[in-house]
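For reference, the structure is listed below as structure tokens.
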Amino acid sequence: MASGTRPLSDLRGLRGEPCPRRAAFLDRDGVLTRVILRDGLPGSARHPEEVVLLPGVPDAVARLRDLGLLVIVVTNQPDLARGTLTPEALAVIHGRLRAALPLDDLAVCPHDDADGCACRKPRPGMLLEAAARWDIDLAASFLVGDRDKDIEAGRRAGCTTILLPASYSGAVRADYGAADLAEAAEIMARLMRAGAPEHAPRGEQA
Ligand SMILES: [Mg+2]
Ligand SMILES: [Zn+2]
38 MASGTRPLSD LRGLRGEPCP RRAAFLDRDG VLTRVILRDG LPGSARHPEE
88 VVLLPGVPDA VARLRDLGLL VIVVTNQPDL ARGTLTPEAL AVIHGRLRAA
138 LPLDDLAVCP HDDADGCACR KPRPGMLLEA AARWDIDLAA SFLVGDRDKD
188 IEAGRRAGCT TILLPASYSG AVRADYGAAD LAEAAEIMAR LMRAGAPEHA
238 PRGEQA
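Dropping the structure here:
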């Protein structure tokens, strides 16, 4: 264990038995990056220059990794299906995001509601797929989002959910609430220190 930053994953296989990892699933817009409001509705960057990291995010992501969590972004990008975002622009945006933040994985749903896919939040497909790929214990993992769709996806996947409330969050009750990703990381650290992942009684927000 050279760096000591990934104890859970490094233990995997030492005794010939699986050691599932824990993850922090992070929504992108409004959690990592500034939301772009269009007509009062939250939207996503369509050009790389529109992407701005929120304050404190690099330190918060580093904190999550220090906790031994995989950091996995799960983002709906329906502008791809709608033709208002090109795959090339998204590739540049996500290249910059990966350069700025030490992400383990970044999952994108490129669909819109009419596509009926399994990955568009509130469906949990992106989390389930990442769990299979990375051997993640979903019940011991966390989801952080700023909308009802995020929280619902996390809940359906069996994760502990943390809402960063915003004007557009919708009617939703998460396990916990936090002002920003740094505070959400504090909550995750506290829960991990306490031992087993504790789901707060539904509706009780920290
Ligand atoms: Mg969001
Ligand atoms: Zn999808």
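Under the working numbering, the first residue of the sequence shown carries the number 38, and numbering increases by one thereafter.
By construction, the Cβ of each residue, glycine as well, lies at the ideal position given by its N, Cα and C atoms.
All values reported here derive from a predicted model rather than from experimental measurement.
Query, Result
"From 132, 176, 189, 168, residue whose alpha carbon lies closest to that of residue 228", "176"
"Where residue 216 falls: helix, strand or coil (DSSP)", "coil"
"Contact test: residue 156 Cβ vs ligand 2 heavy atom, cutoff 6 angstroms", "yes"
"Residue 103: first and last residue of the uninterrupted alpha helix (DSSP H) it sits in", "94-103"
"Heavy atom of ligand 2 within 6 angstroms of residue 56 beta-carbon", "no"
"When 113, 140, 84, 155 are compared against residue 125, the one with the closest alpha-carbon", "84"
"Residue 85, DSSP secondary structure in three states", "helix"
"Lining residues of ligand 4 - beta-carbon closer than 7 angstroms to any non-hydrogen atom, in sequence order", "No copy of ligand 4 appears in this structure; the ligands present are ligand 1 and ligand 2."
"Cβ neighbours of residue 141 in the same chain (closer than 6 angstroms, five flanking residues each side left out)", "107, 108, 109"
"Alpha-carbon spacing of residue 187 relative to residue 164, whole angstroms", "11 angstroms"
"Buried or exposed (CB count within 10 angstroms, at least 16 for buried), residue 68", "buried"
"Inter-residue spacing [alpha-carbon to alpha-carbon] between residue 145 and residue 100", "23 angstroms"
"Cβ separation of residue 218 and residue 89, assumed to be a contact under 8 angstroms, to the nearest whole Å", "Wrong, their Cβ atoms sit about 14 angstroms apart, outside the cutoff."
"Residues near residue 148 in its chain [Cβ-Cβ closer than 6 angstroms; skip 5 each side]", "118, 154, 157"
"Backbone CA spacing between residue 98 and residue 220 [nearest angstrom]", "11 angstroms"
"Between the CA atoms of residue 129 and residue 211 - distance to the nearest angstrom", "32 angstroms"
"Cβ neighbour criterion (16 or more within 10 Å) applied to residue 172", "exposed"
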